[in-house]
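Engineer: Chain order of the listed sequences is A and B. Residue numbers 27 to 482, in my numbering, belong to the letters of the first sequence in order. Residue numbers -1 to 248, in my numbering, belong to the letters of the second sequence in order. Just so you know, even glycine gets a beta-carbon here, dropped at the ideal spot from N, CA and C. Predicted model only: the values in this text are computed from it and were never measured.
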Amino acid sequence: MGLRLGIETLAARGLGALSRAAGRGGGTTLPGKLLWKLDPGSVDALAARLSKGSALVSATNGKTTTTAMAARILGDGSRLAWNQSGANLLSGIASELMSARRAELGLFEVDEGAFPEAAARMRPRVVALSNLFRDQLDRYGELELVAERWRAAVGALSGETMLVVNADDPVVASLADGRRHALRFGLDDPRHARPTLQHAADSKYCIRCGAPYEYAAAYVGHLGDYRCPACDHARPPLDLAAREVELRGLLGSRFRIDAPDGAVDIELGLPGLYNVYNATAAASLSLALGASLSDVQTGLKAFSAAFGRFERIPTGGKTIVVLLVKNPAGANEVLRTLETGVPPVLVLALNDAIADGQDVSWIWDVDFEPILEHAGRVVVSGDRAAELGLRMLYGGLSEDRLEVEPALERALDRGLELVEAGTELVVLPTYTAMLALREILSARGLVRPYWEGERP
Amino acid sequence: MNIVVGHLYPGYLNIYADRGNMAVLGRRAALRGHELDVRSVGIGDPLDPDAYDLVYIGGGQDREQALVAPDLVEKSEAVHAAHASGAALLAVCGGYQLLGRGYRGRDGSVMPGVRLFPHETVAGSARMIGDVLLECELEPGEKHQLAGFENHVGRTILDHGAPPLGRVLFGFGNDGESGFEGCRIGRAIGTYLHGPLLPRNPWLADWLLAQAIAHASGSAPRPLDPLPDELEEEAFRVAADRARKRGGRR
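#1: Listed in chain order, which residues of the stretch 382 to 397 of chain A have Cβ atoms closer than 8 Å to some Cβ of chain B?
#2: With a CB to CB cut of under 6 Å and the five nearest residues on each side skipped, what residues in its chain are close to A/Met418?
#3: Give every residue of the same chain whose Cβ lies closer than 6 Å to the Cβ of B/Asn12, excluding the five residues on either side of it in the sequence, and list them in chain order.
#4: With respect to the alpha helix (DSSP H) encompassing A/Leu434, which residues constitute its N-terminal and C-terminal limits?
#5: Can a CB atom of chain B be found closer than 8 Å to the CB of A/Leu416?
#6: Would you tell me roughly how many angstroms separate the C-alpha atoms of A/Thr90 and A/Asn157, rounded to the nearest one?
#7: Judging by CA-CA distance, which residue of A/Asp426, A/Ser407, A/Leu461 is the nearest neighbour of A/Asp439?
#8: Since B/Asp60 meets chain A, which of its residues come closer than 8 Å, beta carbon to beta carbon?
#9: So with Cβ pairs under 8 Å, would you call A/Glu431 a contact of chain B?
#10: Mapping DSSP to helix, strand and coil, what is A/Glu186?
#11: Given this structure, state the Cα-to-Cα distance separating A/Pro66 from A/Thr341, to the nearest angstrom.
#12: Just curious, the alpha helix (DSSP H) that B/Phe234 is in, first and last residue?
#13: Reducing DSSP to helix, strand and coil, say where A/Gly67 ends up.
#14: Note down, in chain order, each residue of its chain lying with its Cβ closer than 8 Å to the Cβ of A/Leu266, except the 5 sequence neighbours on either side.
#15: Could you pull out every unbroken alpha helix (DSSP H) segment of at least 4 residues lying fully inside the stretch 384 to 462 of chain A, listed in chain order?
#16: Thinking C-beta only, is B/Gln63 closer than 8 Å to B/Leu96?
#17: Looking at chain B, is there any beta carbon in it that lies within less than 8 Å of the beta carbon of A/Glu359?
#18: So the beta strand (DSSP E) B/Met126 belongs to, where does it begin and stop?
#19: In the DSSP assignment, the alpha helix (DSSP H) including A/Val351 goes from what residue to what residue?
#20: Can you tell me where the beta strand (DSSP E) with B/Asn0 in it begins and where it stops?
#21: Would you mind telling me which residues of chain A sit closer than 9 Å to B/Phe147, beta carbon to beta carbon, in chain order?
#22: Assuming contact is defined by CB atoms lying nearer than 8 Å, are A/Ala244 and A/Gly250 in contact in what I supplied?
#23: Under three-state DSSP, which class holds A/Phe329?
#24: On the premise that A/Asp378 lies in contact with A/Asp409, defined as a C-beta separation below 8 Å, what is that separation, rounded to the nearest angstrom?
#25: Cβ closer than 8 Å: which chain B residues qualify as neighbours of A/Glu413?
#26: Taking the Cβ atom as the reference point for each residue, do B/Pro161 and B/Cys134 lie within a distance shorter than 8 Å?
#27: DSSP three-state call for B/Asp69: helix, strand or coil?
#28: Would you report the Cα separation of A/Pro153 and A/Glu135, rounded to the nearest angstrom?
#29: What span of residues does the beta strand (DSSP E) with A/Gln110 cover, start to end?
#30: Just mark B/His158 as buried or exposed, buried being the case when its beta carbon has 16 or more other beta carbons within 10 Å.
#31: Between the Cα of A/Leu299 and those of A/Ala355, A/Leu451, A/Pro262, spot the shortest distance and give me the residue it belongs to.
#32: So, helix, strand or coil for B/Asn322, using DSSP?
#33: So, for A/Ala48: in the same chain, excluding its five sequence neighbours on each side, which residues have a beta-carbon less than 8 Å away from its beta-carbon?
#34: Pull the bridge partners of B/Met109 from the DSSP assignment, please.
#35: Is DSSP giving A/Glu465 helix, strand or coil here?
#36: Between the C-alpha atoms of B/Asp35 and B/Ile127, what's the straight-line distance to the nearest angstrom?
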């Protein structure tokens, strides 16, 4: 480390401690923001110090969970620099690089928009790209633009970088075309295919010729086993495949991963097919970084959900189940895990800060209808509670089953009041609503603040 | 009364939750004892100009828009005929652009349009993204506000004297400069506002339904019976407030 970098990181680190002491949240990105402002090149230098290199994970959905799963798999064998708190812009990565002084291996989730710069600066050993869905169009512009920027960033990677891609996403899979070092993962269990493409499916037209793809199986949004009837562009053969998937509602899932060097049975304590994708992505990434299949099995078995994505919080004889929702594809999968046993009471919370997306139109793309038929009571909350209430009413929920309570704490307590002892209250918040919810639960001593989260 | 809606290219143009607009029209029609019969019209399907009381076209990403544009141009005559016969029309975002004379890309290429609305769209450099609040006067003396969200890189320039849908109170509007948003020709409305547009702007949903019912029944448009709309008004209030605080900023 050069002298200048040493002084800068020292000063920035002091600032993070100061921020925590002042009670201003975790101070997770404050030191990084400072360093990033003082000297952007410091990220290159700090990353270059990692003796085992670094890996980057990006996607619309699942990057936090995938990265956390990989951290659990790899954490016993290496000292990690890992942006666990989800601060996934360059400033957040800079902070983590500063504070994890003895780290050997960097494991970073990266915001879709920040991925090109992160890849250029950090020269990662492995890059894992999982999916692109419509998300926060107000922030990123159109999905095509993100895809184009990724294409350029991948083109600029060293030929030695191992590229891990989700073969089930036509746009993402095509990023690995012609690369020497690539791993393609996907799902292979048509029993779990959706009967039709979801309303909000995105990349459903052939990336080469524009004709609609035909799906042998569509699993999550437009992810699946696709083939273009006009030009034959199709899902590439899978290097890693999740097969024999058994979904067990909110309890989790069991499946087998077939990898180039063998197969392994996986038990996962997270619900839904989307987490099977996340686990398969994490397995591919970890294998590329030198983990064994047995590391993968042990790590995934021991894994509990990443911060705020899926939590069960017992309180007063009832359990609050929190599932993060943030865009149509993700929300649809969360709702799908509830379909088998629709909970009698749901609390939904919609905020519209920058981190949630200021454009709330996405809630109309979510397939709430199957849930609304069966839900006994829906409490809508958050800054855009009224908008969400309209979504419920126009989606077919009768007025007497809808309650509008913009204040999150009151909505939570109302929900708890409505469920019987010994049962679960399911809460679906957007990102900043989830943070606010955790703050409420943390003030009640039910959860710990995120910056004190456990390290594997 | 049976109200027939022709929904153009729902598989391609649905980026900003256009089905929300359909859900609002359907429920508000049903609450007045009417039935909304929505039929999809896709690429290659004929558009029968006499079959529909309301035509709807939503927005898509550039790629999807380019895929449907040539087909829509082939349906130009039918769109004009439907409009001339008094069918109502709502075009949002990309659909609004495609119903003008054309879209000029940054490379100079021109994607021709349907020429229903007297405007031309040119690709700009910065996207215009954010909450919007408009003031409209569709019927003389009846002023209403519309709250929505815009996200477009195209700048739409109305021909001199062409009537906008409304005046921009907060937000960018058609081109970020003129103070105009959307276009209104008789019973046809084009706009960049999504959100989707109709849930929090029920007066416009009812205006469109009244025009469609007039077309279906062959009589003059009559205002519909009012509905409680408390939640709609609250959603409007919050959205309008957002536009006041953060609309039209880059």
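Structural biologist: In brief:
#1: Of all residues in the stretch 382 to 397 of chain A, only Gln384, Asp385, Val386, Ser387, Trp388, Ile389, Trp390, Asp391 place a beta-carbon less than 8 Å from a beta-carbon of chain B.
#2: Taking the first residue of the first sequence as position 1, residue 418 of chain A is located at position 392. Excluding residues within five positions, the ones whose Cβ falls inside 6 Å are Val404, Leu428.
#3: Here residue 12 of chain B corresponds to residue number 14 of the second sequence, with the count starting at 1. Taken in chain order, the residues that qualify are Gly56.
#4: As a position in the first sequence, residue 434 of chain A is number 408, starting the count at 1. It spans 434 to 444 - the alpha helix (DSSP H) in which A/Leu434 sits, taken as one unbroken run.
#5: Counting from 1 along the first sequence, the entry for residue 416 of chain A is found at position 390. At least one chain B Cβ lies under 8 Å of A/Leu416.
#6: Within the first sequence, numbered from 1, the residue matching residue 90 of chain A stands at position 64. Within the first sequence, numbered from 1, the residue matching residue 157 of chain A stands at position 131. C-alpha of A/Thr90 to C-alpha of A/Asn157: approximately 13 Å in a straight line.
#7: In the first sequence, counting from the first residue as 1, residue 439 of chain A sits at position 413. Per the Cα distances, A/Ser407.
#8: Translated into the one-based positions of the second sequence, residue 60 of chain B becomes position 62. What B/Asp60 touches in chain A: Glu168, Glu170.
#9: Position 405 of the first sequence, counting from 1, holds the residue named residue 431 of chain A. The beta-carbon of A/Glu431 is placed no less than 8 Å from the nearest beta-carbon of chain B.
#10: Indexing the first sequence from 1 puts residue 186 of chain A at position 160. DSSP places A/Glu186 in the coil class of the three-state scheme, outside both helix and strand.
#11: Within the first sequence, the letter at position 40 stands for residue 66 of chain A. Within the first sequence, the letter at position 315 stands for residue 341 of chain A. Computed Cα separation, rounded: 45 Å.
#12: Working through the second sequence from its first residue, we reach residue 234 of chain B at position 236. Per DSSP, B/Phe234 belongs to the alpha helix (DSSP H) from 228 to 244.
#13: Here residue 67 of chain A is taken as the residue at index 41 of the first sequence, counted from 1. It is helical.
#14: Taking the first residue of the first sequence as position 1, residue 266 of chain A is located at position 240. The beta carbon of A/Leu266 lies closer than 8 Å to those of Leu209, Arg210, Phe211, Gly212, Ile283, Asp284, Ala285, Pro286, Thr306, Ala309, Ser310, Leu313 in the same chain, with the five residues before and after it left out.
#15: Considered as a whole, the stretch 384 to 462 of chain A harbours 395 to 398, 411 to 420, 434 to 444 as its complete alpha helix (DSSP H) runs of no fewer than 4 residues, in chain order.
#16: As a position in the second sequence, residue 96 of chain B is number 98, starting the count at 1. As a position in the second sequence, residue 63 of chain B is number 65, starting the count at 1. Cβ distance < 8 Å, so B/Leu96 and B/Gln63 count as in contact.
#17: Walking along the first sequence from the start, residue 359 of chain A turns up at place 333. Chain B contact via Cβ: absent.
#18: What you label residue 126 of chain B is simply residue 128 of the second sequence in a count that begins at 1. B/Met126 -> beta strand (DSSP E) spans 117 to 137.
#19: Here residue 351 of chain A corresponds to residue number 325 of the first sequence, with the count starting at 1. Going by DSSP, A/Val351 is part of no alpha helix (DSSP H) at all; its letter is neither H nor E.
#20: The residue given as residue 0 of chain B occupies position 2 in the second sequence. Start and end: 0 to 6.
#21: In the second sequence, residue 147 of chain B corresponds to position 149, counting from 1. Correct list: Asp164, Gln384, Asp385, Val386, Ser387.
#22: The residue you call residue 244 of chain A lines up with position 218 of the first sequence. The residue you call residue 250 of chain A lines up with position 224 of the first sequence. Contact flag set, yes.
#23: Locating residue 329 of chain A in the first sequence gives position 303, where the first residue counts as 1. Under the three-state reduction of DSSP, A/Phe329 is assigned to coil, being neither helix nor strand.
#24: Position 383 of the first sequence holds residue 409 of chain A. Position 352 of the first sequence holds residue 378 of chain A. The pair is a contact, with the Cβ atoms about 6 Å apart (cut-off 8 Å).
#25: Within the first sequence, the letter at position 387 stands for residue 413 of chain A. Within 8 Å of the CB of A/Glu413, the CB atoms of chain B belong to Pro197, Arg198, Ala233, Val236, Ala237, in sequence order along the chain.
#26: As a position in the second sequence, residue 161 of chain B is number 163, starting the count at 1. As a position in the second sequence, residue 134 of chain B is number 136, starting the count at 1. Not closer than 8 Å, so no.
#27: What you label residue 69 of chain B is simply residue 71 of the second sequence in a count that begins at 1. Residue state, collapsed to three classes: helix.
#28: What you label residue 153 of chain A is simply residue 127 of the first sequence in a count that begins at 1. What you label residue 135 of chain A is simply residue 109 of the first sequence in a count that begins at 1. According to the sequence provided, residue 153 of chain A is Val. The question's Pro does not apply to it. Using only the alpha carbons, I get a separation of about 10 Å.
#29: Here the question's residue 110 of chain A lines up with position 84 in the first sequence. It is not in any beta strand (DSSP E) - A/Gln110 carries neither H nor E in the DSSP assignment.
#30: Here the question's residue 158 of chain B lines up with position 160 in the second sequence. Of the residues assessed, B/His158 falls on the exposed side of the cut-off, its CB having fewer than 16 other CB atoms within 10 angstroms.
#31: The residue you call residue 299 of chain A lines up with position 273 of the first sequence. Ranking the options by Cα distance to A/Leu299, first place goes to A/Ala355.
#32: Given a span of -1 to 248 for chain B in the structure shown, any question on residue 322 of chain B remains unanswerable.
#33: In the first sequence, the residue the question calls residue 48 of chain A occupies position 22. Residue placement at A/Ala48 cannot be trusted, given a pLDDT of 47 that sits under 50; the coordinates are not used to answer.
#34: For the purposes of this step, residue 109 of chain B is taken as the residue at position 111 of the second sequence. DSSP, once it has assigned bridges, lists B/Tyr101 as partnering B/Met109.
#35: The residue you call residue 465 of chain A lines up with position 439 of the first sequence. Helix, per DSSP.
#36: Taking the first residue of the second sequence as position 1, residue 35 of chain B is located at position 37. Taking the first residue of the second sequence as position 1, residue 127 of chain B is located at position 129. Taking the straight line joining both Cα atoms gives about 33 Å.
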